[in-house]
Amino acid sequence: MSKEYDLIVLGAGNAGFAPAGMAKEAGQSVLVIEGQDFGGVCAIRGCVPKKVLVAASETLQHIASASEHKIDAQFNGLDWAALIERKETFIEGVPDMMEGSLKNRDIDTIAGRAKFSGPDEVEVNGETYVGKKFVIATGSTNRELPIPGFQHCITSDDILNLPERPGSIVFIGAGVIALEFGHVFVRAGSEVTLLEVAPQPLPMLDEDAVAALTKESQRIGIDIRTAVSTKLIEKTADGYAVTFEENGKDVTITAEVVANGAGRIADVADLNLETAGIDHDRHVIAIDENLRSVSNPNIYVAGDANAASGPQLSPVATYEGRIVGHNLLNEGAEQKTADYSKMPNCVFTTPQLASVGLKEDQAEAAGIKFSVKSNDMIEWRSAKTYVENAAFAKVLVEDDTGKILGAHLLGHGAPETIHLFAFAMTYGVTAEQLSTTVYAYPTFMSDIKFLV
């Protein structure tokens with residue numbers, strides 16, 4: 109006999125935890141089903157372990173610039189295997205801890221990959237469970253490209269578990285994953301190549317900020333090829349050969365490892381969405397403004413599994429999870445909608461890139477009258493003190509109101525500074541108010557009064 113629940117959540121990452129907890133607090137019966145690791149992509153296979161490698165890369169940059177600080181420092185190599193072991197200390201025990209936190213709240217849990225067997229039921233591990241409501245929060249998986257030999261590519265998951273650092277690596281794609289790991293590998297001593305089909309790396313971000321990051325990435329040794337089309341990946345005796353078209357000609361390069369840098373997509377392909385009456389276009393589930401399926405009103409979608417609206421960011425997953433939790437508990441009452449316009453985004457290269465709000469082309473397309481203040485900050489004291497080789501800022505301000513429309517920062521401290529711009533956009537703080545605020549000096553924040 110099938111067991112019934114008020115709410116069944118597919119996925120135990122950031123997007124799934126919030127609605128599960130909210131429903132339980134409201135007195136509902138809740139089941140959480142996780143197909144991989146309790147804790148989700150960010151905690152186990154994404155943000156958290158990746159940042160351990162990024163921190164090592166930043167330390168390597170400090171060593172490289174030590175002489176500028178009049179420090180006699182010698183670099184005798186990076187123990188890659190030991191670094192991977194250190195990374196493991198950040199995630200070991202997390203799945204058990206996360207599952208335990210659910211059980212401690214009397215939320216039932218199951219480890220296994222669930223599939224819909226009807227509009228109101230799922231099957232997992234040979235058992236069927238019926239739910240009044242469902243939340244699809246299954247996260248994301250690596251995007252595959254229709255390139256012959258693409259199966260030879262390792263994924264970001266694999267990179268985090270490489271037992272040895274490759275002497276050379278080619279990334280197919282030049283998005284966030286490729287840039288961040290590319291900086292780690294090149295600073296550790298690997299030869300790194302990025303192959304990007306778009307005219308620039310990180311095509312979704314401000315082109316001037318990306319141009320400054322690209323120049324610095326090339327300076328430290330990353331070979332970035334843009335507007336190229338990868339045609340073939342072949343196994344060789346000592347690695348792989350990658351053939352791509354560049355300027356109308358075929359070019360072949362070799363590397364020990366080829367990595368998938370094409371980004372991630374919603375992990376929903378094997379959920380039997382059709383069986384549940386869920387409209388979708390491949391990995392994109394059709395939802396309304398309340399993150400609810402347009403065809404099955406008892407199903408909501410949140411986090412990376414929601415490819416229809418929000419960006420794939422851990423804070424967005426938590427944000428959407430809370431919205432879904434509110435909406436499914438308040439049907440027939442006021443519903444919440446998601447607003448992604450003021451959410452900061454960071455790329456943890458060295459230097460770091462951070463962005464929030466509109467780019468220039470987006471503001472122009474919206475018909476907004478605005479002013480742009482752009483600064484190459486490489487000669488600023490804040491950059492020179494830390495021996496920065498790239499520092500840049502661009503801020504968009506609405507002409508009529510003086511409010512911040514967008515900010516795009518590159519440099520040491522950018523991921524921290526961007527939050528003040530996000531705060532200003534969220535609560536209507538104007539550029540003048542930011543510029544007249546008294547900041548502690550010398551700090552990166554104190555530069556803000558010159559950026560607006």
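Mapping to our numbering: the sequence shown position 438 is 546, numbers consecutive. Ideal placement from N, C-alpha and C gives every residue a C-beta, glycine not left out.
Spatial neighbours of I330 in its own chain (CB-CB distance under 6 Å, excluding positions within 5 residues in sequence) are listed in chain order as G290, V294 and V300. Boundaries of the beta strand (DSSP E) harbouring Y237: E235 to I244, taken from the DSSP string. For the pair of segments examined, the region 264-272 was found to touch the region 190-209: the number of CB pairs separated by less than 8 Å reaches three. Nearest to P452 by alpha-carbon distance, out of T551, S463, A446 and E442, is S463. If you draw a straight line from the Cα of L139 to the Cα of W488, it is about 54 Å long.
A471 places its beta carbon less than 8 Å from that of L513. Here L518 is bridged, per DSSP, to L461 and F500.
Secondary structure at A282: coil, using DSSP grouped into helix, strand and coil.
Take the alpha-carbon of P227 and the one of Q326: they are about 52 Å apart. Burial of F478 is indicated by the presence of at least 16 other C-beta atoms within 10 angstroms of its C-beta.
Its Cα nearest to that of G465, the residue K502 stands out among S225, K502 and A415.
With a cutoff of 8 Å on beta-carbon distance, A123 and G433 are scored as not near each other.
The three-state secondary structure of A296, taken from DSSP, is helix.
Under the three-state reduction of DSSP output, Y494 falls in the coil class, being neither helix nor strand. In this structure, D375 sits away from S554, with a CB-CB distance that is not shorter than 8 Å.
P309 sits buried, since 16 or more C-beta atoms from the chains shown fall within 10 Å of its C-beta.
In the same chain as A415, and ignoring 5 residues on each side of it, the C-beta atoms closer than 6 Å to its own belong to A374, H391 and V392, in chain order. Rounded to whole angstroms, the gap between the alpha carbons of K444 and Y427 is 11 Å. With fewer than 16 other CB atoms across the displayed protein chains lying within 10 angstroms of its CB, H177 is exposed.
Closest in C-alpha terms to F279, from the list E315, A349, A473 and Q541, comes A349. For L253, no beta strand (DSSP E) encloses it, and the DSSP letter there is neither H nor E.
Taking the Cβ atoms as the reference, G257 lies roughly 3 Å from I341, within the contact range of under 8 Å.
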